[in-house]
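First the structure, in the form of structure tokens, and then the observations on it.
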Amino acid sequence: MLCIFCGRFSDALLCPLCSEELQKQSYAYRFSGRCPTCSRPLQDVAYPCPFCLKGFQAYGSYTGIVSALLNQFKAGAEKPLSRVFTSLYIPMLATIEKPLLIPIPASKKGFSDRGFDQMLLICRMLTKRIGYPSLRLLVQKGEGQSKFLSLAERKERHTLTLLPLDTRVRTYKDAGHTFVLLDDICTSGSTLATGRALLAQGYGIEARSLVIAMV
Ligand SMILES: [Zn+2]
Ligand SMILES: [Zn+2]
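Following the working numbering, the numbering of the sequence shown begins with 2 at its first residue and continues without gaps.
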């Protein structure tokens with residue numbers, strides 16, 4: 002087969018050179034500093050650790066091969082890339098006690114452009130590969146009317162909403178699971194913040210958040 006990124010002959014989806022490049026883009030590789038509390042990679046130990054502060058961790062920054070692959074994936078043509086991204090969440094999840102995955106749902110436009118919901122797909126793969134349980138608790142709503150809103154109103158509006166309350170949350174909570182929101186890219190952090198607020202309001206849980214790339 003051919004490497005999905007560079008087109009060289011390869012045994013795997015990504016050839017060894019592209020795999021190495023992807024690894025080199027990770028914070029774990031680029032940052033030598035580690036948080037003294039949680040030991041996650043930190044660019045500068047003088048600044049607070051985003052995981053200790055807000056329960057937030059990213060694989061790397063939205064640059065180089067990371068952003069190129071994400072764009073390829075989001076454009077829809079490269080559904081197999083979900084396997085590559087799935088493996089980037091695994092080491093991050095391994096450091097969290099009994100993670101329970103909650104996918105950030107794709108926007109309606111994203112879904113219709115691609116024909117699949119990328120985070121739902123990745124969560125399903127993580128369940129299949131590692132056995133982490135996953136629950137769909139959030140949904141995107143009301144995007145249909147957004148053309149009638151001004152730009153400011155659209156920016157203000159969060160379309161993320163809770164699905165009807167799921168009784169399994171209580172069971173997982175009692176069993177000591179850590180709730181983890183999964184998204185692919187974090188731009189302003191507002192989607193994850195909304196997701197966390199909704200879960201806190203609806204279920205009284207404090208969720209962590211993991212993403213591939215931070216803009
Ligand atoms: Zn390659
Ligand atoms: Zn930390």
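Note that the Cβ used here is the ideal one computed from N, Cα and C, for glycine as well. For clarity, every value in this text was computed on a predicted model and none was experimentally measured.
Backbone CA spacing between residue i and residue j [nearest angstrom]
i      : j      : result
Val181 : Leu102 : 5 Å
Pro106 : Ser11  : 32 Å
Lys25  : Arg31  : 7 Å
Ala13  : Gly205 : 43 Å
Met2   : Pro100 : 34 Å
Leu43  : Leu211 : 15 Å
Met126 : Ser20  : 19 Å
Cys7   : Lys75  : 18 Å
Gly145 : Leu54  : In this predicted model, Gly145 has a pLDDT of only 49, less than 50, meaning its place in the structure is not dependable; the value taken from the coordinates is given anyway. The straight-line gap from Cα to Cα measures roughly 35 Å.
Ser33  : Pro165 : 44 Å
Leu122 : Gly116 : 11 Å
Gly177 : Val140 : 25 Å
Ile5   : Cys16  : 8 Å
Gln58  : Phe112 : 25 Å
Thr64  : Thr188 : 13 Å
Arg190 : Tyr28  : The sequence given here places Gly at residue 190; Arg does not occur at that position. So the two alpha carbons sit approximately 18 Å from each other.
Gly114 : Arg9   : It should be noted that the sequence gives Asp, not Gly, for residue 114. Asp114 and Arg9: Cα-Cα distance of roughly 28 Å.
Leu94  : Leu200 : 19 Å
Arg209 : Val216 : 18 Å
Pro92  : Thr128 : 14 Å
Arg169 : Ser88  : 27 Å
Leu71  : Leu18  : 18 Å
Gly81  : Met120 : Correcting the residue type first, residue 81 is Pro in the shown sequence and not Gly. Answer to the nearest angstrom: the Cα atoms are 13 Å apart.
Residue i beta carbon near ligand 2 (any heavy atom closer than 7 Å)
i      : result
Phe52  : yes
Arg41  : yes
Thr128 : no
Thr179 : no
Thr188 : no
Pro19  : It should be noted that the sequence gives Cys, not Pro, for residue 19. Flag unset: Cβ of Cys19 not near ligand 2.
Cys36  : yes
Other residues of its chain near residue i: CB distance less than 7 Å, five sequence neighbours each side excluded
i      : result
Lys142 : Thr160 and Thr162
Arg171 : none
Thr38  : Cys50 and Cys53
Cys167 : The amino acid at residue 167 is misidentified as Cys; the sequence shows Asp. The residues are Leu136 and Leu138.
Asp118 : Pro106, Ala107 and Phe112
Gly203 : Leu163 and Leu166
Residue i Cβ short of 7 Å to ligand 1 heavy atom set
i     : result
Arg1  : For residue 1 there is no data in the structure shown, the boundaries of the chain being 2 and 216.
Phe6  : yes
Leu15 : yes
Close beta carbons around residue i, own chain, < 8 Å, minus the five adjacent residues each side
i      : result
Val67  : Leu23, Gln26, Tyr60, Gly61, Ile213 and Ala214
Arg35  : Arg41, Pro42, Leu43 and Val46
Thr192 : Ile105, His159, Leu161 and Asp184
Arg84  : Leu14 and Met126
Tyr90  : Tyr60, Ile123, Leu127, Leu183, Leu211 and Ile213
Cut-off 6 Å between Cβ atoms - residues of its own chain near residue i, not counting five sequence neighbours on either side
i      : result
Gln73  : Glu79
Arg197 : Ala208
Three or more C-beta pairs closer than 8 Å, one from the stretch 121-134 and one from the stretch 82-100: is that the case here?
yes
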